[in-house]
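Quick notes on the structure that follows.
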Amino acid sequence: MSPFDSAQSAQAIVAAYARLSRTIDGWNREAPFLINCYRTYDKLLNIVKAGGPYKRMLDLGCGTGLQTEFLAGISGDAVAIDISAESIRVARGRCGHLRNAAFQVQDARRLSFAEGTFDCVVSYGDVLSHIVNGYEDVISELRRVTVPGGVISLEMDNKWTLGLLNQPREVWSALTTRGGHDTRSWEGMRFKTFTRPEIAGLLGRHGFRILHVHGHNVLASAVPDRYLLEQGKRSLLGRAALALGSADLSLSDVFPFNRFGYNMIVTAVRK
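Under our numbering, think of the first position of the sequence shown as 1, with each following residue one higher.
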């Protein structure tokens, strides 16, 4: 159990993204880790697109709306939600030209939508791992609002990654915790990590069957964080992280590499 309760975790997330929403788009374009993330997102979004067409899609934890633009282009309607009002404000500004996109401030653990509203849900940007307490409520809600046969594609932090080599405190937590641990942190937020069996069991309990698992920043995660997240002038190790990220992209769904990405993206179908 995390030392933070659910309310405190939500407050930390809202506060962090109130700060980040003004600068995160620039960071996405410059930090090697995030560039590698978005390369993988693009790959997965095109796989999702191939499974369409979709009547109504949900962008769960939409942030500043980068994925929402794509989802609106492959569905009749796209609904984007986020717990951060500031992120929603930025997303509305980005996507104001889209007539079939709607934005709402919502908590993923308690969705306001009716049963069977969506035939596809996409949740990238580590949303599930942000919810240290209550992540199972999110999966339960996704079952409720997704039609039978509908697809969900979710990103989460992976427990076992080469990046642990740079985090001695996290190694100890990983070794002494059954399943995923919750001592990974960034920008004042804590993150819940998952193992492959853990997420398979979680989805299975709620009536989902995994279709495929991808990983990103597999080899690149061995590069220390200060280079993975650097902005501006690119260091030698920053360039190495991008080169390794290119290799990771081709290996993203190849066993066993897909089991060791810094993050996993799991795509599943509702039974």
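All residues carry an ideal CB built from backbone N, CA and C; glycine is no exception.
From which residue to which residue does the beta strand (DSSP E) around residue i run?
i: F113; result: Unbroken run through F113: none, as it is neither H nor E.
i: L154; result: T146 to N158
i: S75; result: S75 to D82
i: L251; result: Counting along the chain, L251 falls outside any beta strand (DSSP E), and DSSP gives it neither H nor E.
i: L58; result: Y54 to L60
Among the options, which residue has its Cα nearest to the Cα of residue i?
i: R29; options: V90, L111 and L228; result: L228
i: G76; options: T195, A16, A102 and R178; result: A102
i: F191; options: H130, S123 and D119; result: H130
i: V132; options: R270, D59, G52 and T183; result: T183
i: R196; options: G207, R178, G188 and S185; result: R178
i: S87; options: L142, I13, A240 and L58; result: I13
i: Y262; options: K233, D157, G232 and R209; result: D157
i: Y41; options: M264, L164 and A108; result: M264
i: E230; options: A31, L20, T23 and G188; result: A31
i: R89; options: R110, G65, L111 and A78; result: G65
i: L58; options: W27, I152, S140 and G93; result: I152
i: A80; options: S185, C120 and K43; result: C120
i: L164; options: P224, K55, D126 and V122; result: P224
i: L211; options: R56, T267, S173 and V171; result: T267
i: R209; options: F70, P168 and G149; result: G149
i: G96; options: D25, S112 and A78; result: A78
i: V171; options: T193, R94 and A114; result: T193
i: R205; options: S250, V213 and V138; result: V138
i: V269; options: L242, A240, V213 and A220; result: V213
i: D126; options: W186, A114, S173 and F118; result: W186
i: A85; options: K159, L236, L20 and R234; result: L20
On the DSSP bridge list, what partners appear for residue i?
i: Q104; result: I81
i: V263; result: It is worth fixing the name first, because residue 263 is Asn in this sequence and not Val. Answer is D157 and H216, bridged to N263.
i: R190; result: S185
i: D123; result: One point to set straight first is that residue 123 is Ser, not Asp, in the sequence displayed. According to DSSP, which records beta bridges pairwise, S123 is partnered with L154.
i: R270; result: F208
Less than 8 Å separating the beta-carbons of residue i and residue j?
i: E198; j: G180; result: yes
i: A18; j: G63; result: no
i: V218; j: F255; result: no
i: N36; j: G238; result: no
i: A222; j: L162; result: yes
i: D82; j: V48; result: no
i: Q67; j: L45; result: yes
i: G260; j: G201; result: Rather than Gly, the amino acid found at residue 260 in this sequence is Phe. No. Outside cutoff.
i: E141; j: A108; result: yes
i: S123; j: G61; result: yes
i: V145; j: L98; result: no
i: S272; j: K43; result: No statement about residue 272 is possible, as the shown extent of the chain runs from 1 to 271 and does not include it.
i: G188; j: A16; result: yes
i: F113; j: A241; result: no
i: I74; j: G52; result: yes
In the DSSP assignment, find the unbroken alpha helix (DSSP H) run with residue i in it and report its ends.
i: L34; result: P32 to A50
i: R169; result: P168 to T176
Review point. Unbroken beta strand (DSSP E) runs of length 3 or more, entirely within the region 204 to 247: which are they?
Key: Whole beta strand (DSSP E) segments, 3+ residues: 208 to 216.
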